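Asks: Just passing along the structure, written as structure tokens.
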Amino acid sequence: MCVDATPPPSARVTRRGVLAGAAALAGTLAAAGPAAAGETRPAPSASRPRGGNLVIRGGTLLDPATGEVTENAVVVIEDGTVRAVGRRDAVAVPHGAEILDAHGHWILPGLVDAHIHLSTAAEARDAVRKGATSARSGSTSFYQDIAVRELARHSPALAPRLTAAGVFVTPDLGDTVLADPDLTPLARLKDGVRSAEALRRVVEVNLARGADVIKTRVNERAGLPEQDPLAQVYSHDQLAEIVAAARRRGKGVLCHSYSEQGCHDAVTAGIRSLEHGAFVGERTLHEMRRRGTYFTPTLTAIAGLAESTNPVLAERGRAYLPVLKRAVLAAHELGVPLAAGTDSSGGTVRPIGREVELMHAAGLPALDAIRTATTGAARLLGLDRTAGRLARGFAGDAILVDGDPLAHVSVLEQPVRVVRAGHAL
Numbered sequence: 006m007c008v009d010a011t012p013p014p015s016a017r018v019t020r021r022g023v024l025a026g027a028a029a030l031a032g033t034l035a036a037a038g039p040a041a042a043g044e045t046r047p048a049p050s051a052s053r054p055r056g057g058n059l060v061i062r063g064g065t066l067l068d069p070a071t072g073e074v075t076e077n078a079v080v081v082i083e084d085g086t087v088r089a090v091g092r093r094d095a096v097a098v099p100h101g102a103e104i105l106d107a108h109g110h111w112i113l114p115g116l117v118d119a120h121i122h123l124s125t126a127a128e129a130r131d132a133v134r135k136g137a138t139s140a141r142s143g144s145t146s147f148y149q150d151i152a153v154r155e156l157a158r159h160s161p162a163l164a165p166r167l168t169a170a171g172v173f174v175t176p177d178l179g180d181t182v183l184a185d186p187d188l189t190p191l192a193r194l195k196d197g198v199r200s201a202e203a204l205r206r207v208v209e210v211n212l213a214r215g216a217d218v219i220k221t222r223v224n225e226r227a228g229l230p231e232q233d234p235l236a237q238v239y240s241h242d243q244l245a246e247i248v249a250a251a252r253r254r255g256k257g258v259l260c261h262s263y264s265e266q267g268c269h270d271a272v273t274a275g276i277r278s279l280e281h282g283a284f285v286g287e288r289t290l291h292e293m294r295r296r297g298t299y300f301t302p303t304l305t306a307i308a309g310l311a312e313s314t315n316p317v318l319a320e321r322g323r324a325y326l327p328v329l330k331r332a333v334l335a336a337h338e339l340g341v342p343l344a345a346g347t348d349s350s351g352g353t354v355r356p357i358g359r360e361v362e363l364m365h366a367a368g369l370p371a372l373d374a375i376r377t378a379t380t381g382a383a384r385l386l387g388l389d390r391t392a393g394r395l396a397r398g399f400a401g402d403a404i405l406v407d408g409d410p411l412a413h414v415s416v417l418e419q420p421v422r423v424v425r426a427g428h429a430l
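Throughout, the numbering used here is defined as the position within the sequence shown, counted from one, plus 5.
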């Protein structure tokens, strides 16, 4: 059965709805009072974030890009952006500036979680407080991530800078078919979202809603005991259809994957990043290096399976984690770009620092593990001139940790303080 050839809604109309949703998350609609009967309330402004002014003084600054360590450092943040950085005796501190004393701590740029599911304002706030000042969504059921992205734009202290994926392009949309009226015709498809028309429809509705990237799958889920993570749900041609639909609008695709054949089909179909990828093989890693495809292994999520009370999931996690660690090390040694992601979901936000620790445990040197959650992940998100470093012109996002992360990467799991766009939290 084909999908009706109804065009997706205009981006202008849906953006108004998205911004209203963001305002509701932030509580701004309630603060403004009820609208008069028949009145249409204007959408809140999507102007640039209200950045703070702050000076981080003292402490030891690590630049992940170069590995350079600066003792007794100063970072000057004005209007949410780094204006000056360097040794205390070489940087002028603006008169009357708010000072965050960092003596005894290490200073790093805010971390980037390249795979997280944020569906509520509370989850967004928790992610920031655990050190993820930038992030990429791994999809949500009803476009909550797009609203979280807008929340971050006008209230940056409440949410990470977010790259939104919208809803999952998957054979069975389930209740997600209710996320947008233009998805509802897909509910009557006997075989689910599999035809070229149906695949394009989900991509197009996502993009009309304002998604920054597209998320799809090639294998079933590891976190559901009744599913087989090695079972393939989309073919190479179907994945290529999704990639082509996204590329027509200049967007990339991240792909949930586990089996070697699934990983290979996804990579050769042209995805931007491979997610999970426990059984990715050497031929696929070589192809990823050639194409510049990123690997986001989400070691934290797989390690979490091993701690499950469900015996099927626990055994799955114990079996998959060492295999995935070997794949991560092989990818690193081949030069495949890596990005850190926790795959947090369901109301539990795991610290991105834990993923860095697991990258290190897989065999990456400490600095390279840190780069997966700073410069590497920022590059994947297209934020390589915004996030991942504390340098002039970059975002005023930082974490303070209680110890040397080059000696003990585990200190990244519990930041002492977090700064988001010049706001000390």
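Note that CB positions come from ideal geometry on N, CA and C, so glycine has one too. Small disclaimer: the values here were computed from a predicted structure and weren't measured.
Relative to the C-alpha of Ala126, which candidate in Ala119, His120, Arg134 has its C-alpha closest?
Replies: Arg134
Asks: How should Ala97 be labelled, buried or exposed, when 16 other C-beta atoms within 10 angstroms of its C-beta is the threshold for buried?
Replies: exposed
Asks: Would you report the Cα separation of Ala95 and Arg376, rounded to the nearest angstrom?
Replies: 27 angstroms
Asks: Excluding five sequence neighbours on each side, which residues of the same chain lie with their C-beta closer than 7 angstroms to the C-beta of Glu225?
Replies: Gln232, Asp233, Pro234, Ala236, Val238
Asks: Classify Tyr325 as helix, strand or coil using the three-state DSSP reduction.
Replies: helix
Asks: May I have the straight-line CA-CA distance separating Phe300 from Glu362, to the nearest angstrom?
Replies: 17 angstroms
Asks: How about Ala426 and Tyr325: do their beta carbons lie closer than 8 angstroms?
Replies: no
Asks: Check whether the region 172-189 and the region 142-156 are in contact - that is, three or more C-beta pairs closer than 8 angstroms.
Replies: yes
Asks: Going by Cα to Cα distance, which pick from Glu418, Arg397, Gly398 is closest to Arg405?
Replies: Position check: residue 405 holds Leu in this sequence, whereas Arg was assumed. Comparing Cα-Cα distances from Leu405 to each of Glu418, Arg397, Gly398, the minimum goes to Glu418.
Asks: Looking at C-alpha atoms only, which residue of His108, Glu360, Lys256 is the closest neighbour of Asp407?
Replies: His108
Asks: Between Ala129, Ala70, Gly179, Ala345, which has its C-alpha nearest Val157's C-alpha?
Replies: Inspection of the sequence shows that residue 157 is occupied by Ala rather than by Val. Comparing Cα-Cα distances from Ala157 to each of Ala129, Ala70, Gly179, Ala345, the minimum goes to Ala129.
Asks: Considering just the uninterrupted stretch of the alpha helix (DSSP H) at Thr305, what are its terminal residues?
Replies: 304-311
Asks: Under the rule that 16 or more other beta-carbon atoms within 10 Å means buried, what is Pro342, buried or exposed?
Replies: That one is buried.
Asks: Give the range of the alpha helix (DSSP H) segment to which His365 is assigned.
Replies: 357-366
Asks: Please return the same chain residues whose Cβ sits closer than 7 angstroms to the Cβ of Asn77, not counting the five positions on each side in sequence.
Replies: Gly63, Arg92, Arg93
Asks: Please work out which residues of its chain come closer than 7 angstroms, Cβ to Cβ, to Ala429, disregarding the five sequence neighbours upstream and downstream, and give them in chain order.
Replies: Contacts found: Leu59, Leu105, Arg422.
Asks: Assuming Arg207 and Leu188 form a contact by the criterion Cβ under 8 angstroms, report the distance between their Cβ atoms to the nearest whole angstrom.
Replies: Per the sequence presented here, residue 207 reads as Val, with Arg not at that position. Confirmed, Cβ separation roughly 7 angstroms.
Asks: Go through its chain and collect everything with a Cβ distance to Leu339's Cβ below 6 angstroms, but skip five positions before and after it.
Replies: Leu290, Arg294
Asks: Tell whether a beta-carbon distance below 8 angstroms holds between Leu67 and Val80.
Replies: no
Asks: Return helix, strand or coil for Ser278, following the three-state DSSP convention.
Replies: strand
Asks: Is the number of C-beta pairs between the region 210-221 and the region 164-176 that are closer than 8 angstroms three or more?
Replies: yes
Asks: Would Glu362 pass as an interface residue toward chain D - the criterion being a Cβ-Cβ separation below 8 angstroms?
Replies: Here there is only one protein chain, and chain D is not present.
Asks: Smallest Cα separation from Leu372: which of Leu113, Ile307, Thr86?
Replies: Leu113
Asks: To which residues of the same chain is Ala400 closer than 6 angstroms at the C-beta, ignoring the five residues directly before and after it?
Replies: Thr391, Ala392
Asks: Output yes or no for whether 8 angstroms exceeds the beta carbon distance between Ala306 and Thr347.
Replies: yes
Asks: Mind checking whether Ala137 and Ile357 have CB atoms under 8 angstroms apart?
Replies: yes
Asks: If we call anything under 8 angstroms between Cβ atoms a contact, is Arg88 one with Arg355?
Replies: A distance of 8 angstroms or more separates the beta carbons of Arg88 and Arg355.
Asks: Between Arg205 and Glu246, which are expected to be in contact by the criterion C-beta below 8 angstroms, what is the C-beta distance as a whole number of angstroms?
Replies: 7 angstroms
Asks: Going by beta carbon distance, what residues of the same chain come within less than 8 angstroms of Glu292, once the five residues before and after it are set aside?
Replies: Contacts found: His269, Val272, Thr273, Thr298.
Asks: Helix, strand or coil for Asn315, going by three-state DSSP, please let me know.
Replies: coil
Asks: Rounded to whole angstroms, what's the CA-CA distance from Leu395 to Ala378? Just pull it up for me.
Replies: 14 angstroms
Asks: Hey, out of Ser264, Val223, Ile219, Val285, whose CA is closest to Arg253's CA?
Replies: Ile219
Asks: Output yes or no for whether 8 angstroms exceeds the beta carbon distance between Val174 and Ala164.
Replies: No; because the gap between Cβ atoms is not below 8 angstroms, this pair is not in contact.
Asks: Taking the DSSP output, what are the residues bridged to Asp118?
Replies: Note: Asp118 is bridge-paired with Ala140 in the DSSP secondary-structure output.
Asks: Jot down the residue ranges of each uninterrupted beta strand (DSSP E) in the region 205-265, minimum 3 residues, whole runs only, in chain order.
Replies: Those beta strand (DSSP E) runs which fall completely within the region 205-265 and span 3+ residues are 219-222, 258-262.
Asks: Does Ala412 pass the burial test, meaning 16 or more other C-beta atoms within 10 Å, or should it be called exposed?
Replies: exposed
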